[in-house]
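Engineer: This is the structure I have questions about; it appears just below.
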DNA sequence: CATTCATTTGGCCATTCGGCCAAGGAGCCA
DNA sequence: TGGCTCCTTGGCCGAATGGCCAAATGAATG
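Chains as they are written, first to last, in the working numbering: chain A, 1 to 106; chain B, 107 to 212.
Right, here's the structure in full:
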């Protein structure tokens, strides 16, 4: 694996990694329903505002969401909806794992 | 978000998180071509065998790959091929980011 | 049964992550 | 202007991650 290939895998991994956190996963799913401002998400998640803000900046930095300031509020929205496709695949991974587990405990 | 919902997001995030590492991403892509034993992957990646072995166990624990011992070697294979769908979406995230960047530097 | 080869596991260390709190803008309204 | 609300940033700290080396395990072969 040369340096160029390595950089490509790192860029890809960064995007996926950004989704690899329960709170950020929740945020992405919620933004799929429509734009939300920071305190709305904060209320839903039940964490500190600063925590949510940092999660949002992670998602923004990799290009999954975008922000728009309107008045005193900042509204976030999903920039790349195809990330939602992850969910169905993840579910099938979880199911296949459940199946494996059942097999082992048979 | 109640405890049950939280647990569901954690389980999902764990699967995605397992993909969120350049080396593991490479391994998944390579296993999509067919089964590989540990040292083959080790050679391709160019890291320590123990490192690769640990990456493989991460992927195995979340149910993305499976292992099969044959003789003195352990062959890994992709259990849930739909994870490959991630790649095209990740590419479009990267492209949308590139586009944003171009807009900013205009 | 000793040895060798393929892999996993444990330990250690540096780095990153994720959470909260506190402080710092930025816009709005009196 | 002063004070409010909304959000971001910096700092701190405990926990998790990722890498290597060294040691343990397990199978195959002499």
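Every residue, glycine too, gets a C-beta built ideally from N, C-alpha and C.
Predicted model, so just to flag it, every value in this text is computed and none were measured.
For residue 127 (chain B), return the contacting residues in chain A, with the cut-off set at a CB-CB distance below 8 Å.
Structural biologist: By Cβ distance, chain A contributes 13, 17.
Engineer: Our contact map puts residue 122 (chain B) next to residue 19 (chain A) with C-beta atoms below 8 Å; I'd like the distance itself, whole angstroms only.
Structural biologist: Sure, about 5 Å apart at Cβ, within 8 Å.
Engineer: If distances are taken between C-alpha atoms only, which option among A:89, A:27, A:88 comes closest to residue 79 (chain A)?
Structural biologist: It is A:27 whose Cα lies nearest to the Cα of residue 79 (chain A).
Engineer: With DSSP collapsed to three states, give me the class of residue 116 (chain B).
Structural biologist: Helix at residue 116 (chain B).
Engineer: So, with DSSP's three-state summary, where would you put residue 178 (chain B)?
Structural biologist: Of the three classes helix, strand and coil, the one that applies to residue 178 (chain B) here is coil, per DSSP.
Engineer: In three-state terms, what does DSSP make of residue 184 (chain B)?
Structural biologist: Note: residue 184 (chain B) maps to strand in three-state DSSP.
Engineer: Could you give the distance in angstroms between the alpha-carbon of residue 189 (chain B) and the alpha-carbon of residue 115 (chain B)?
Structural biologist: Distance between the alpha carbons of residue 189 (chain B) and residue 115 (chain B): 18 Å.
Engineer: At a Cβ cut of 9 Å, what residues of the segment 132 to 163 of chain B count as close to chain A, listed as they run along the chain?
Structural biologist: Within the segment 132 to 163 of chain B, the qualifying residues are 132, 135, 150, 151, 152.
Engineer: With DSSP collapsed to three states, give me the class of residue 33 (chain A).
Structural biologist: Residue state, collapsed to three classes: coil.
Engineer: Answer with yes or no whether the minimum CB distance from residue 203 (chain B) to chain A is below 8 Å.
Structural biologist: With 8 Å as the cut-off, residue 203 (chain B) counts as an interface residue toward chain A.
Engineer: Are the beta-carbon atoms belonging to residue 76 (chain A) and residue 31 (chain A) less than 8 Å from one another?
Structural biologist: Yes, they are a contact pair.
Engineer: Rounded C-beta distance between residue 38 (chain A) and residue 57 (chain A)? I'm assuming under 8 Å.
Structural biologist: About 11 Å; that fails the 8 Å criterion.
Engineer: Quick one: is residue 100 (chain A) near chain B, going by C-beta distance under 8 Å?
Structural biologist: Taking Cβ atoms only, chain B reaches closer than 8 Å to residue 100 (chain A), which makes this a yes.
Engineer: Relative to the alpha-carbon of residue 193 (chain A), which residue among B:191, B:118, B:165 has its alpha-carbon at the smallest distance?
Structural biologist: What is shown of chain A runs 1 to 106, which leaves residue 193 (chain A) out entirely.
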